[in-house]
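Numbering follows the working numbering, in which position 41 of the sequence shown is assigned residue number 178; successive positions increment by one, without gaps.
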Amino acid sequence: MLSFMNVVLLILVSHLRQWPLRTVLTIGGVALGVSASVAVRTANVDVLSSFEQAVLTVAGPTTLEVSGGESGLDEQLMTRLRRVSGVTSVSPVILQTAVQMKAGQPGQAIQVLGLDLLAEFNTRGFRVSQPATERQMLDMIHPRSVFMGDKLATDWNLSVGDEIHLLIGTGSCRCRVAGILHGESDQRSSWERLAVMDIAAAQVTFGMIGLVDRIDLVTAPNLSVDEVADKVRMVLPPHVTVERPVNRTSQVEQMISAFRLNLTVLSWVGLLVGMFLIYNTMAFSVAQRRREIGIFRAVGMTQERVALLFLIEAGLYGIVGGLVGSVAGMVLAQQLIALLSRTISDLYVPVSAGGAGSLWTGPWFRMVAE
Numbered sequence: 138m139l140s141f142m143n144v145v146l147l148i149l150v151s152h153l154r155q156w157p158l159r160t161v162l163t164i165g166g167v168a169l170g171v172s173a174s175v176a177v178r179t180a181n182v183d184v185l186s187s188f189e190q191a192v193l194t195v196a197g198p199t200t201l202e203v204s205g206g207e208s209g210l211d212e213q214l215m216t217r218l219r220r221v222s223g224v225t226s227v228s229p230v231i232l233q234t235a236v237q238m239k240a241g242q243p244g245q246a247i248q249v250l251g252l253d254l255l256a257e258f259n260t261r262g263f264r265v266s267q268p269a270t271e272r273q274m275l276d277m278i279h280p281r282s283v284f285m286g287d288k289l290a291t292d293w294n295l296s297v298g299d300e301i302h303l304l305i306g307t308g309s310c311r312c313r314v315a316g317i318l319h320g321e322s323d324q325r326s327s328w329e330r331l332a333v334m335d336i337a338a339a340q341v342t343f344g345m346i347g348l349v350d351r352i353d354l355v356t357a358p359n360l361s362v363d364e365v366a367d368k369v370r371m372v373l374p375p376h377v378t379v380e381r382p383v384n385r386t387s388q389v390e391q392m393i394s395a396f397r398l399n400l401t402v403l404s405w406v407g408l409l410v411g412m413f414l415i416y417n418t419m420a421f422s423v424a425q426r427r428r429e430i431g432i433f434r435a436v437g438m439t440q441e442r443v444a445l446l447f448l449i450e451a452g453l454y455g456i457v458g459g460l461v462g463s464v465a466g467m468v469l470a471q472q473l474i475a476l477l478s479r480t481i482s483d484l485y486v487p488v489s490a491g492g493a494g495s496l497w498t499g500p501w502f503r504m505v506a507e
């Protein structure tokens, strides 16, 4: 068997020298299909992972979320919720998307989170770069004040005191950067790519006077969250939903499942093209090497070994093309994640692109494990 493998190696090397362009094109076609598949799957995993991380980070200690859909919720419902046994904290939240407008540049989407900053300054998992002075406390509740995430401020070259022009629906407003947000830990945090306003300022800015997008609840630790949720539902209108924060991730996954399926099918087309290239190359090789096959048979090589010779050659094309395509796919995914995040944000729900470094750790292994 060893001598047979030596013969196979010599034959493959001679063919590579004789037809180098055909070999490179075949491997390149396989690599292209594999890279498309790897990039799409990696980007899908990373975008959903980023959304899940953002939900859990922004939720903080929240155990239940009350939402009323696109129409929002009447803020007066908070009075009812505070009376529910087992609810220890009630917090209004506004989450809207705005577009940063800058002369000579395309608009960039930004998620603006409205919170009761005076009550939740130290409970949501973020900190501000400046100390909490009396002036800063007044800046928090100013109608045009906004706190920018560290990464967002760096990307947009913003610092404290700068003005930012936001397009909101059909209107626009100019806001002042009152502070820079950081996560509490040194690890990547969703706060780095969020803009935060006081709840009252957000209501004025987004035309939601008397309304909020959702109400976050913290329940007593000694009580079952499901039991408290049942009590909360009893005091709310039928159209209002009560759920745990983590449930929003599965809802978004269902919402964009068709979009993700389209991308996945397109990546499979690339794989099929690569398979067809291997098949076409091997079929052409068999037809071109009929004389060579006849010589192999004449010197005693069995039909099975002749077939094995071509199978090994096809397998090597697939292995080399797959390895090259996997590396290229991870590089391509870095560009695809930003495009995918922007498309999903525009069509479905706001999401932020993950950091490039995360591609080589968590999402890659999660993708392989699927």
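Just so you know, even glycine gets a beta-carbon here, dropped at the ideal spot from N, CA and C.
Note that the structure is predicted; figures quoted are calculated from it, not measured.
Nonlocal neighbours in the same chain, by C-beta distance under 8 Å from residue i, ignoring five residues either side
{"i": "D299", "result": "R313 and V314"}
{"i": "K288", "result": "E329 and R330"}
{"i": "V423", "result": "I430 and F447"}
{"i": "I449", "result": "V145 and L149"}
Residues that DSSP places opposite residue i in a beta bridge
{"i": "I336", "result": "Per DSSP, none; premise fails for I336."}
{"i": "I301", "result": "C312"}
{"i": "F263", "result": "G320"}
{"i": "P229", "result": "I352"}
{"i": "F284", "result": "G316 and V333"}
{"i": "L473", "result": "Paired residue(s): none; L473 is not in a bridge."}
{"i": "V249", "result": "Q233 and A332"}
{"i": "V224", "result": "T356"}
{"i": "D183", "result": "Bridge partners of D183: none, in fact."}
Host alpha helix (DSSP H) of residue i (start-end)
{"i": "M345", "result": "Neither: M345 is in no alpha helix (DSSP H) and is coded neither H nor E."}
{"i": "L408", "result": "S394 to Q425"}
{"i": "E257", "result": "L254 to E257"}
{"i": "M215", "result": "L214 to R219"}
{"i": "T291", "result": "D287 to D292"}
Separation of residue j from residue i, as counted between CA atoms
{"i": "A451", "j": "F433", "result": "19 Å"}
{"i": "G316", "j": "L255", "result": "14 Å"}
{"i": "F263", "j": "T291", "result": "17 Å"}
{"i": "T163", "j": "R397", "result": "28 Å"}
{"i": "G347", "j": "S204", "result": "15 Å"}
{"i": "M371", "j": "G286", "result": "38 Å"}
{"i": "S151", "j": "V171", "result": "27 Å"}
{"i": "R479", "j": "W328", "result": "18 Å"}
{"i": "V410", "j": "L158", "result": "18 Å"}
{"i": "W156", "j": "I415", "result": "15 Å"}
{"i": "N359", "j": "K368", "result": "15 Å"}
{"i": "V457", "j": "F421", "result": "20 Å"}
{"i": "V297", "j": "L460", "result": "47 Å"}
{"i": "V406", "j": "L318", "result": "43 Å"}
{"i": "D353", "j": "E202", "result": "5 Å"}
{"i": "R503", "j": "G466", "result": "Caution is warranted here: a pLDDT of 43 is assigned to R503, below 50, making its placement in the model unreliable, and no coordinate value can be reported."}
{"i": "N143", "j": "T439", "result": "16 Å"}
{"i": "L147", "j": "L445", "result": "15 Å"}
{"i": "A395", "j": "V182", "result": "15 Å"}
{"i": "V265", "j": "G320", "result": "9 Å"}
{"i": "V283", "j": "S222", "result": "35 Å"}
{"i": "Q417", "j": "R428", "result": "First, the amino acid is wrong: residue 417 is Asn here, not Gln. Spanning the two alpha carbons is a distance of roughly 19 Å."}
{"i": "F413", "j": "N384", "result": "42 Å"}
{"i": "L453", "j": "N399", "result": "30 Å"}
Cβ shell of residue i (< 6 Å), same chain only, five flanking positions each side left out
{"i": "S404", "result": "A173, S174 and V177"}
{"i": "L250", "result": "L232, L331 and V333"}
{"i": "T160", "result": "L153"}
{"i": "L473", "result": "A176 and A180"}
{"i": "L477", "result": "A180 and V184"}
{"i": "G462", "result": "A168, V171 and S172"}
{"i": "G165", "result": "none"}
{"i": "G499", "result": "Any reading at G499 must be qualified, since the residue scores a pLDDT of 45, below 50, and its modelled position is unreliable; the value itself is stated next. Contacts found: none."}
{"i": "E364", "result": "none"}
Presumed contact (8 Å Cβ cut-off) between residue i and residue j, rounded CB distance
{"i": "R381", "j": "V230", "result": "R381 to V230, Cβ: 15 Å. No contact."}
{"i": "L469", "j": "L214", "result": "Not quite, the Cβ-Cβ distance comes to about 47 Å (not below 8 Å), so this is no contact."}
{"i": "L252", "j": "V377", "result": "Their Cβ separation, rounded to whole angstroms, is 20 Å, which puts L252 and V377 out of contact at 8 Å."}
{"i": "G455", "j": "V145", "result": "So it is not a contact: roughly 16 Å between Cβ atoms."}
{"i": "Q248", "j": "T234", "result": "6 Å"}
{"i": "F343", "j": "I301", "result": "About 15 Å separates the two Cβ atoms, so there is no contact after all."}
{"i": "K366", "j": "V379", "result": "The question names Lys, but residue 366 in the sequence shown is Ala. Right, their Cβ atoms sit about 5 Å apart."}
{"i": "P280", "j": "V341", "result": "5 Å"}
Extent of the continuous beta strand (DSSP E) to which residue i belongs
{"i": "L360", "result": "Element bounds for L360: n/a, residue is neither H nor E."}
{"i": "D90", "result": "Nothing can be reported for residue 90: it is not among the residues displayed for the chain, which extend from 138 to 507."}
{"i": "L201", "result": "L201 to S204"}
{"i": "T378", "result": "T378 to E380"}
Contact set for residue i: own chain, Cβ-Cβ below 7 Å, skip 5 residues either direction
{"i": "A337", "result": "I278"}
{"i": "V355", "result": "P198, T199, T200, T225 and S226"}
{"i": "E257", "result": "S228"}
{"i": "W293", "result": "Q237"}
{"i": "L295", "result": "M285, I301 and V314"}
{"i": "A506", "result": "Any reading at A506 must be qualified, since the residue scores a pLDDT of 42, below 50, and its modelled position is unreliable; the value itself is stated next. Nothing meets the Cβ criterion."}
{"i": "R219", "result": "V227"}
beta-carbon residue i near the ligand ATP non-hydrogen atom, thresh 7 Å
{"i": "S222", "result": "Ligands in the displayed structure: none, and consequently the ligand ATP is not present."}
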